[in-house]
Every structure is written in structure tokens, then in C-alpha cells.
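In my numbering, the protein residues as written are 52 to 885.
Below, the structure written as C-alpha cells:
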């Protein structure tokens, strides 16, 4: 066969040599070997016989490079064996680039991808495999002896072609064969696949799940291939049910999966069989609040701190006070349930959980109202004849000093609109007994949040107990301004471990504006201020792959960036702006005051990246709260604040990050660069407006951010005579022009390039003023703002070349500034490997 294919050697290898990307390599292999593309589950290319991983230049001549690519492939193989996909495990692995390839039996690497000793971090993305796995593969004799087929050698090519062709046909002799396991963790997804194939054939008589349970047990089903009949032994009675099933389908399914052989695994599956209902399938497809893959991940993180199978010691108890439908406990093994308490507000949820967790203690309970007075008797409840709603068994466990508690909870996040305790809320969302107690302790706005109310009671109820709090939540309680008092007085626990993921994984949340959700495990027995701890969270993507580490900076709000800049007192009335040229005179609680030496207004509402879009420069006061007057005294700090808030790209992960005051003196060069960058940023909405009527007074609004001296622009061609006349009528220079002139010898080359490109754009604008719709953008004077200039040009579709050139130079300046935002400590840097 190889001899007949030698004519392909030249064309194939020549095409590979001329390829320019990994995709080119993949395409050439697919064409040469007649491969049908199957890249589902993010495999490079999959067939049941061969799993491919393509690289552009992998340098397979080096064993460590080969080990890295193989390690990546073993992540995919592990998912095929243990994961939720219905694909079988490919018999062979093909590692290929433009110069060489390897063809390896999959089962040869079983000791690595099954990882029985739990040596490797399988949470990482396949493209960033565990370095220990790479090292172990590189040292293995199996890889040392693996043949690398070089396409510089025609004999190598011919052997590789023949072996891969046979492998793709399923006729290449195998060195062992591996099947997918059915486990307590994945049996539901296996059932979905089984039910798709055989459900219609077995549906009469019993639920299809009963047949499935029979079929997956070793020796429990007899199949007669010649007659296409299966005999299922159903339930404890052992009743035999005969069903017609196509032999081809049945044999294919059991070529993929291995029947359950371990009695303990089968017992766990049998205990959970009631989960295979329509309700469970609806839950499985993400229609409940806590995403199940991330809920399962929490159990792994708890085990990292407490040890594997912590429940087997009998010394732990778990309580979820907001269990709902039990998503957080869904993947707990059956043997852990006798040590678990699940309480929930609604009777329907109790009934649901009783079916799913028959060995756990399930009860209806309002944690924010029930027994509150009893709990806060500070251990003296036994002195009174008190009635409790807590189950007796739970109260006895709470009194046992030898037990360690695990609180696993995803508390609700509703917030009352009430500011005091004497008003009534028509929804009554957080007007609870605990809220009243928190209000008496002057805990401020945080007492309105159900989330904080749960934590308030937990702190008191588990005081002096060995307790670990596993908390699903947003991250605002760690660093937000409003939660400072709560952190100071209540939440001072030791961080153990945790992870973060996007809120987009939650059903019903906005996919357009996602934010980070965290699971953090806290040790309540150790009292430590959060500000003194290092909080590092693993970061997971939508596929529950670890993509990096996120450091959460927790500092006192006195260190926030919005406390860094002087806020002059507003004493003069002035027209309030909502954006560029828009005056908003009639809004509720209008802000229409500026300081004595006003230059412009810096809108900088709140202090986190979530409010990045509430950052702008305006020529008057911002109409609502969240702005300050810029004066000569605070001008440079204002420029730093504006740039720092606008330079970073907002992502779901940094959405709640707080901007911090710089950790060292801000260099002059950063201030100069930031000011020039601000000047041509889209959020610079400073403008010049003429004859603005506000509250029966007429205002002339000057643009103090106009960047050119009058002497300079008087030499330019200005095609609009009214604008030219306005230049002659005014003698005062604008603040920005004078500031730029004063510092002209100190600007960086990147800043000078921006200033030059901006000058070219402005000259073009003045030249073509007669062609612009100046009334639309209220252009009447010589000192029009950049907002007016760029929008007027875009409106007539002119100046594209000048605008693009300025944007390019502006982006280069941004590239210089952005790393310094993190270096100077304004934001915590993310360590992500995508």
C-alpha cells in the first residue's frame, strides 16, 4: 500500500511546508486522509478511531515539546473517559505538525489520564496542561520509545500513511482498548444518551430509567444478538422483561461504555435513581439557579481543605440554610447524606429535596426569622422554656463541641428599598427580624441585604464552633464601599481557598453584562481581617476549565481612588450636563454647582470597574451625583483618575474590582501621557456652547480643554467666518493649551505623536467647517471640543484618514500607559492563561 502512495509524498509534504497556520496543517491532513471534520467538544479533529491534535511547528524532535502536546491530548482523553460527552474513546492519538507526526495507542497512556494517585491538576485548560504531567510524560520510557515520523523522509511518510490509514479503518492492531466509565458523577448524562438510543424500545411497563439501571450492572442483562433481544432483570423482585433492541445499536453502545462492576458505585447510583425524572432532566439542563458543574466543583474545594471523603469520619456536619432545590448538594455521595441538614423556605422545595436526598435531614425553615430570638440569647436559651423550630437532632449536633461544621450556602441577594426599620416595604423582601437587629447595631445599608443577614446570624450561631463556611456569592462583600462596616464588625474570617466564574453561567442572568461569582471557603474559627489576607481565586471558564488566578485586592475604603483627589466645594450655579452638548435642567435632585476656579467636570461615579462608563470629562457639572469640579490645583490628579478608570478593558472578571490609590508617587511622565491620552479619548466630552439659557440666566460655556494657543490657530485656514470672528473677539487662552505649552519639552514620543495627529485632524476640521452641520453639534465658537469635532466630521463622512491616523497613535499611547495602571497599584493584575 505504501508503494502505491509514494506519489503523494511530494505534493503533501510540499503543501505542508508552505502552510502558514495550524488551521492550514489541519486542512491538509483532512484532505489528504479524507477526514470528516468533527471538532465538537473543542477537539482539533475527532474520529472514533483516531483523535488528532495539530500544531503549526511543535518541534517533535524534542521530547519535552512532544510531552506538552501529548499532555494536552490526555486532557481530552480524560474527558472522553469520565466526562459528559457520548463520544467513545478514540483508539489512537495522532500528534502532527507541518514537519512530523506521531501515532500512539491511547490505552498506552491510561496510567496518566486516569491518574489513580490524583497527581495532576485536571481543572486546567488542555492548552495549558499541568507542568508535572508534562515532566512525567517526558521522562516515561513509553515516550522515549515513541516513533516520530519525519516528513523529510519518504520512507517515514510511507509507514505513517499506511499505519494511519489502517487506524482510521479500525484495522490497525490495538495495544489494549479502553472504555468509558459509568460513575455516580456522570450516570445521568450516560442515561440521556442510553435513553436516546433505547428509550422507545423499552418504554412500556416500567420507566426507562429502570431498564437503564438493569443494563449498566455487570451480568444483569442478557442480549441475544441473533434475535436482537435483550432480557432485563428489573428491581429487587428480579422480574425479567424481554425487549427487542437492534444489535448494531446495542453493541456500539457497549463498545463505548464499561458496565459498572464496583458494588459501591452501583449502590450510589441506585440511591440517586429518582433523580432520573423529568424534573431532574430540567435541572440537569441548567434551569435552576446554581449551575450544577460549579456546584460540583465546590465539593472538590471543600475536600482540598478537609480531606477526601470527610463524611466518613463521622465528625463533620453540613448545613445549607438556603438549600432551595438542593443544587449545591446534588453531587454529594449518598453515604454523606446522613450527615447533612438542608433547610429551605418553601414546602415545595422540601418535598423535592426529600425525594433527592432521602437520607438527609430536610426541613422547612426561615433562617432570617425563625428562632432568631433564641439564637441571640448567647447560649442561655436552655435556661428558658423555649419553643424551637430547629429539629431536635440538629440542635443536639449544634451543642456537640466535637463536631466540625460545613456551611454550604448560596444565599439570596435581594435588597430592601427601605432605609429605616419603621417603614413598610410592599414586597417585604428583606424586612426581617435579623434586619432589625442589624439596624440596631448601626450596620448601615448592608443590613438591607438578605445575603448579609444570613452571614450575620451564621457568625453568632456558630461562634466558638469549628466551622467552615462555603459561600457562593458575588464578590462585592469583599471590597465594596457600602460593605466596609460589615467587614470591620462581622466578616473577619480566615480564607482557605476558592474559585470564580462568570454570572453568565446562571440561568436568568444577563449575558450582556456578566460579573464574577465566587465560591470562597472561610474558616470561621480563625478571626482575621480580610484586608490582611491574600485572596487568590482560581478562575474557571464556561467549560469549568481553570484559566488562571484572580487576586482580590481587599483594602479599606479610605484607600480607594475616589478618596485620593481633592473635591472643591461647588459654590456657583451652572448649567448641568448629562453628556457632550446635552443640558438637563429638570431632573430630580439636580446637581448644578461648580467651584470657584472651575475648568471642567470629572464624572467618576462609584469606584469600581463596573462603573467605568460613568467616567467622563464635561464642560459643566454632571447633572447627577458622582462628579467633581476640576481646578488648576487638582487638574493633574483628575487627569490620572480619568485615564486610570478608562484605560483598562472591563471584563466579567474585573467587573467588581476597586480602583485603588497609587502605591507610590505617580511619575510625571505618566501624568503627561495620561493627559494627552484623555484629550483624545471618546469620554472627553468637553465642548464650547454659546448663549445657554438656564433658570432664566444666559451662560457662555468655554472649552478649557481646547488644546491650541490662539496664536497658532490664527495662522490656520478657518473656512467658517463666524467661527473665525469668534476667535478674534476673545483674548483669553484656554487652560489645556497653556498647560500643553508649559510642558511641551517633556512629552514622550508617543504623546508627541498623538498631539501631532490631533493637530492634523483639527486643521482638517477648520478647513472643512463650511461643509459640516455645525448647528447639529452646536458649533459656534473657535474653541469647540474634540467631541464636537469628531462627531461633526463623522456626520459628513469626511476626515476618515485623519481620524484613523489619530486613533492609531492614540492606541499606541494606551499600550504604553495600560501596564503602568497595574504597576502603580491602581488595579490588581489578573493572571489569566486563555
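Backbone N, C-alpha and C define an ideal beta-carbon position, used for all residues, glycine too.
With fewer than 16 other beta carbons inside 10 angstroms of its own, residue 88 counts as exposed.
DSSP, read as helix, strand or coil, puts residue 424 in helix.
Assignment of beta strand (DSSP E) within the region 661-712, counting only whole runs of 3 or more residues, yields 666-669, 678-681 in chain order.
When the Cα atoms are used, residue 384 and residue 109 turn out to be separated by approximately 42 Å. Straight-line spacing of the CA atoms in residue 103 and residue 220 works out to 15 Å. At the C-beta level, residue 263 and residue 301 stay beyond 8 Å of one another. Residues of the same chain with a CB within less than 8 Å of the CB of residue 510, apart from the 5 flanking positions on each side, are 541, 542, 575 in chain order. Beyond the five residues adjoining it in sequence on each side, residue 760 comes within less than 8 Å, by CB distance, of 784, 788, 789, 792 in the same chain, given in chain order.
Taking a cut-off of 8 Å for Cβ pairs, the region 233-240 and the region 312-321 touch, as three or more such pairs fall below it. C-alpha of residue 808 to C-alpha of residue 767: approximately 16 Å in a straight line. If you draw a straight line from the Cα of residue 190 to the Cα of residue 159, it comes to about 15 Å.
The beta strand (DSSP E) runs lying completely inside the region 540-596 and spanning 3 residues or more are 544-553, 567-578, 586-591, given in chain order. With 16 or more neighbouring CB atoms inside 10 Å of its own CB, residue 538 falls in the buried class. Scanning the region 481-546 from its first residue to its last, the whole alpha helix (DSSP H) runs of 4-plus residues come out as 484-491, 501-512, 527-530, 535-540. Non-local beta-carbon contacts of residue 580 in its own chain, meaning distances under 7 Å to residues more than five positions away in sequence, involve 543 in chain order. Straight-line spacing of the CA atoms in residue 804 and residue 694 works out to 18 Å. In this structure, the beta-carbon distance from residue 171 to residue 156 does not fall below 8 Å. Within the region 820-870, the complete alpha helix (DSSP H) runs of at least 4 residues fall at 837-846. In the structure shown, residue 648 adopts coil according to DSSP, grouped into three states. Contact between the region 550-557 and the region 579-599 is present, with at least three C-beta pairs closer than 8 Å.
8 Å or more divides the Cβ of residue 619 from the Cβ of residue 687. When Cβ pairs closer than 8 Å are counted between the two stretches, the region 858-871 is seen to touch the region 725-742, the count reaching three or more.
In the DSSP assignment, residue 272 falls within the beta strand (DSSP E) that extends over 272-275. CA-to-CA, the gap between residue 664 and residue 852 works out to about 27 Å.
If you look at residue 260, you'll find it in the alpha helix (DSSP H) that goes 259-267. At a Cβ-Cβ threshold of 8 Å, residue 846 and residue 821 do not count as neighbours. DSSP places residue 370 within a strand segment (E or B) once states are collapsed to three.
In this structure, the straight-line span from the alpha carbon of residue 145 to that of residue 85 is close to 15 Å. Distance from the Cα of residue 415 is smallest, within the candidate group 422, 426, 406, 400, for 400. The shortest C-alpha to C-alpha distance from residue 611 to any of 82, 351, 254, 692 is the one to 692. In this structure, the beta-carbon distance from residue 616 to residue 679 falls below 8 Å. For residue 175, no alpha helix (DSSP H) encloses it, and the DSSP letter there is neither H nor E. In the structure shown, residue 743 falls within a strand segment according to DSSP collapsed to helix, strand and coil. The closest CA to that of residue 293, considering only 413, 252, 309, is found on 252. In the structure shown, residue 439 adopts coil according to DSSP, grouped into three states.
Here DSSP, grouped into helix, strand and coil, assigns residue 381 to coil.
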